[in-house]
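Participant: As you go down the protein sequences, you meet chains A and B in turn.
Numbering of the first sequence is given in this note's numbering, commencing with residue 292 and proceeding in unit increments.
Numbering of the second sequence is given in this note's numbering, commencing with residue 782 and proceeding in unit increments.
The beta-carbon is built from N, C-alpha and C at its ideal position, and this holds for glycine as well.
Keep in mind it's a predicted model, so treat the numbers as computed, not measured.
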Amino acid sequence: MLAMLVAYDTAGNVVATLDHLVARGVGGNVTGLIDFAAHEEAGGELLDIWNVQGAVGSKVWPEWLGGRAHDFRVEKDGPPGAKRISALVHKTSGYRRERSDVISAINARVAEANGKPADIRDLVGGPDRPLRLDDEGRTVGRTIITGTPKHLPVIGADLVASRGSIAGSQ
Amino acid sequence: MADDLLANFRPSPFQNTGNDPGGAFGELGGGINPVGFASNVDNETADVIIDKDGITVIEGAITVTNAGATVIIDGSSNMFKIASTGTRSFAGPNGSPAETTSTVDVATGFDYTPAFQVYLTNSAGVQGSAWHTGHADVGATALFTQWRYAEASYLATNQTRMRFFWFGFGDYSAVTSYFRYYILQEAGI
Numbered sequence: 292m293l294a295m296l297v298a299y300d301t302a303g304n305v306v307a308t309l310d311h312l313v314a315r316g317v318g319g320n321v322t323g324l325i326d327f328a329a330h331e332e333a334g335g336e337l338l339d340i341w342n343v344q345g346a347v348g349s350k351v352w353p354e355w356l357g358g359r360a361h362d363f364r365v366e367k368d369g370p371p372g373a374k375r376i377s378a379l380v381h382k383t384s385g386y387r388r389e390r391s392d393v394i395s396a397i398n399a400r401v402a403e404a405n406g407k408p409a410d411i412r413d414l415v416g417g418p419d420r421p422l423r424l425d426d427e428g429r430t431v432g433r434t435i436i437t438g439t440p441k442h443l444p445v446i447g448a449d450l451v452a453s454r455g456s457i458a459g460s461q
Numbered sequence: 782m783a784d785d786l787l788a789n790f791r792p793s794p795f796q797n798t799g800n801d802p803g804g805a806f807g808e809l810g811g812g813i814n815p816v817g818f819a820s821n822v823d824n825e826t827a828d829v830i831i832d833k834d835g836i837t838v839i840e841g842a843i844t845v846t847n848a849g850a851t852v853i854i855d856g857s858s859n860m861f862k863i864a865s866t867g868t869r870s871f872a873g874p875n876g877s878p879a880e881t882t883s884t885v886d887v888a889t890g891f892d893y894t895p896a897f898q899v900y901l902t903n904s905a906g907v908q909g910s911a912w913h914t915g916h917a918d919v920g921a922t923a924l925f926t927q928w929r930y931a932e933a934s935y936l937a938t939n940q941t942r943m944r945f946f947w948f949g950f951g952d953y954s955a956v957t958s959y960f961r962y963y964i965l966q967e968a969g970i
């Protein structure tokens, strides 16, 4: 599963994130993305992937929060050697982003898709488009791209619009 | 991602063109094509292959033309790709002058020092200041009071080190700066 890595200090404060890492094979050819979650599930050391100065640990989190991730501290549970981040707790508001809630929302969306690809980007963001959070750590939405000023005429807009109607999903 | 893209395919008006010896690729679309598609229509020195592994253009280019511009992707002029990205935060220095640094080491698979891009972000965690190689604040006496910069370096085989610097005159120890970093691969592949 595609996921984000967070690194935290002794107080649990998030001090760094790693949104994605491209994998490459012999000769440097791209082979895909490193599966952070699978590596963690297999008991792998996240130091194999990255090392953050001053951090005492690194774990997977199923959302992409951009720089806002640094507004949180981590809470972990699980047996020694297999702990996971169970929640991100906002350092000032105390708002909790529960892992179980995120996973439940993902699973519900996948079930709704009934075997077809499920679009979960509004739930978790993505490496290229983190979720947008307010000052208390609540999801506002995906990062909004407002675009160029609406009053500026655009060459080729008609072509793009017609292509979008054909594709049906633009 | 691949499934999402396939879901967006619609039947194409294209029929067999060029070299499709198996005759199995009657229609582009649907994402199902066990044999593959090879075209050698107009340019004898070019070879275009579409199969389950992707699109391969040999001794040619992908040309995309839109209003006002044409972009050509070829194998001779390289481009930068984002190999990895993430964020980093740390508190400032306290002294006159003083400096704090912080590092993030990433297993990029590179055995060389890559290009990079870094942004100083604002308190909302989004890219604020345009910032890559350096950022300086100027005090009332027209002297630099602080500056922040970053470097990427070769750490060890397959390891890239991002190091962030915060140099200042004064006490910034209660202030946290946030950075977005991109490690770039110069690649024709």
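Pick out whichever of A:A333, A:H311, A:V393 and A:W341 has its Cα sitting closest to the Cα of A:G323.
Facilitator: The candidate whose alpha carbon is nearest that of A:G323 is A:H311.
Participant: Have a look at B:D886 and A:K441 and give me their C-alpha separation to the nearest angstrom.
Facilitator: Each residue's alpha carbon lies about 43 angstroms from the other.
Participant: Looking only at DSSP bridge pairs, what is A:D368 linked to?
Facilitator: Partner(s): A:R375.
Participant: CB-CB under 6 angstroms to B:V838, same chain, minus the five flanking residues each way: which ones, in chain order?
Facilitator: Hits under 6 angstroms: V829.
Participant: I'd like the list of long-range same chain contacts for A:T301, defined as Cβ closer than 8 angstroms, with 5 residues on each side in sequence excluded.
Facilitator: Closer than 8 angstroms at Cβ, skipping near neighbours: V347.
Participant: Using a Cβ-Cβ cutoff of 8 angstroms, what residues of the segment 343-360 of chain A are near chain B? List them in chain order.
Facilitator: The segment 343-360 of chain A vs chain B, Cβ under 8 angstroms: V343, Q344, G345, L356, G357, G358, R359 and A360.
Participant: For A:D339, which residues in chain B fall below 9 angstroms Cβ to Cβ?
Facilitator: Those are A888, listed as they occur along chain B.
Participant: Under the three-state reduction of DSSP, which class applies to A:I446: helix, strand or coil?
Facilitator: The answer is coil: DSSP assigns A:I446 none of H, G, I, E or B.
Participant: Terminal residues of the continuous alpha helix (DSSP H) containing A:R412?
Facilitator: Note, A:R412: alpha helix (DSSP H), R412 to V415.
Participant: Determine the closest residue to A:Y386 out of A:G428, A:I411 and A:G319, with distance taken between C-alpha atoms.
Facilitator: Nearest C-alpha to A:Y386: A:G428.
Participant: I'd like to know if A:R390 contacts chain B, where contact means its C-beta is closer than 8 angstroms to some C-beta of that chain.
Facilitator: With 8 angstroms as the cut-off, A:R390 does not count as an interface residue toward chain B.
Participant: Closest to A:N304 by C-alpha separation, out of A:H330, A:V343 and A:V313, would be which residue?
Facilitator: Closest by alpha carbon: A:V343.
Participant: Let me check understanding here. Comparing Cα to Cα, which of A:V297, A:G358 and A:L424 lies closest to A:K367?
Facilitator: With distances taken between Cα atoms, A:K367 lies closest to A:V297.
Participant: Leaving aside the five residues before and after B:M943 along the sequence, list all residues of the same chain whose C-beta is less than 6 angstroms from its C-beta, in chain order.
Facilitator: Excluding residues within five positions, the ones whose Cβ falls inside 6 angstroms are V885, A933 and Y962.
Participant: Which one of A:D362, A:W352 and A:W355 has the shortest CA to CA distance from A:V306?
Facilitator: Among A:D362, A:W352 and A:W355, the Cα nearest to that of A:V306 is on A:D362.
Participant: Which residue wins for smallest C-alpha separation from B:D834, given the options A:A333, A:V321 and A:W341?
Facilitator: Residue A:V321 is the option with its Cα nearest to B:D834.
Participant: Whole angstroms are fine: how far does the CA of B:Y930 sit from the CA of B:T894?
Facilitator: B:T894 and B:Y930: Cα-Cα distance of roughly 17 angstroms.
Participant: Alpha carbon to alpha carbon, how far is A:T439 from A:P421?
Facilitator: Looking at the two C-alpha atoms, the distance is approximately 21 angstroms.
Participant: Can you look up A:L338 in the DSSP assignment and give me helix, strand or coil?
Facilitator: DSSP places A:L338 in helix when its eight states are reduced to three.
Participant: Tell me which residues share the same chain as A:R400 and place their Cβ nearer than 7 angstroms to its Cβ, disregarding the 5 neighbours each side in the sequence.
Facilitator: A409, I411 and L414, listed in sequence order.
Participant: What would DSSP say about B:G810, mapped onto helix, strand or coil?
Facilitator: Below a pLDDT of 50, predicted positions are generally treated as unreliable, and B:G810, at 38, falls in that range; the measurement from the model is reported next regardless. Coil, per DSSP.
Participant: Indicate the three-state DSSP secondary structure (helix, strand or coil) for A:F363 in the structure shown.
Facilitator: Reduced to three states, the DSSP call for A:F363 is strand.
Participant: For A:A307, go through chain B and note every residue whose CB falls closer than 8 angstroms to its CB, in chain order.
Facilitator: Under the 8 angstroms cutoff, chain B gives G867, T868, R869, S870 and V885.
Participant: Shortest alpha-carbon distance to A:R364 belongs to which of A:K350, A:H381, A:A373 and A:P370?
Facilitator: It is A:H381 whose Cα lies nearest to the Cα of A:R364.
Participant: Using 8 angstroms as the limit for Cβ to Cβ distance, is A:L312 near chain B?
Facilitator: It does; some Cβ of chain B falls within 8 angstroms.
Participant: I'd like the span of the alpha helix (DSSP H) that includes A:V317, first residue to last.
Facilitator: It is not in any alpha helix (DSSP H) - A:V317 carries neither H nor E in the DSSP assignment.
Participant: Once you ignore the five residues that flank B:N939 on each side, which residues in its own chain have a CB closer than 8 angstroms to its CB?
Facilitator: A888, T889, G890, F891 and D892, listed in sequence order.
Participant: Identify the residues that DSSP records as bridge partners of B:R961: which are they?
Facilitator: According to DSSP, which records beta bridges pairwise, B:R961 is partnered with B:T868 and B:Y900.
Participant: If the cut-off is 8 angstroms on Cβ atoms, which residues from the segment 394-419 of chain A count as contacting chain B, listed in chain order?
Facilitator: Within the segment 394-419 of chain A, the residues whose Cβ lies closer than 8 angstroms to some Cβ of chain B are K407, P408, D410 and P418, listed in chain order.
Participant: Would you please verify whether the beta carbon of A:I446 is less than 8 angstroms from any beta carbon of chain B?
Facilitator: Yes - at least one Cβ of chain B is within 8 angstroms of the one on A:I446.
Participant: For my contact list, B:Y953 and B:Q927 are in at a C-beta cut-off of 8 angstroms; report their separation, rounded to the angstrom.
Facilitator: 6 angstroms between Cβ atoms; contact.
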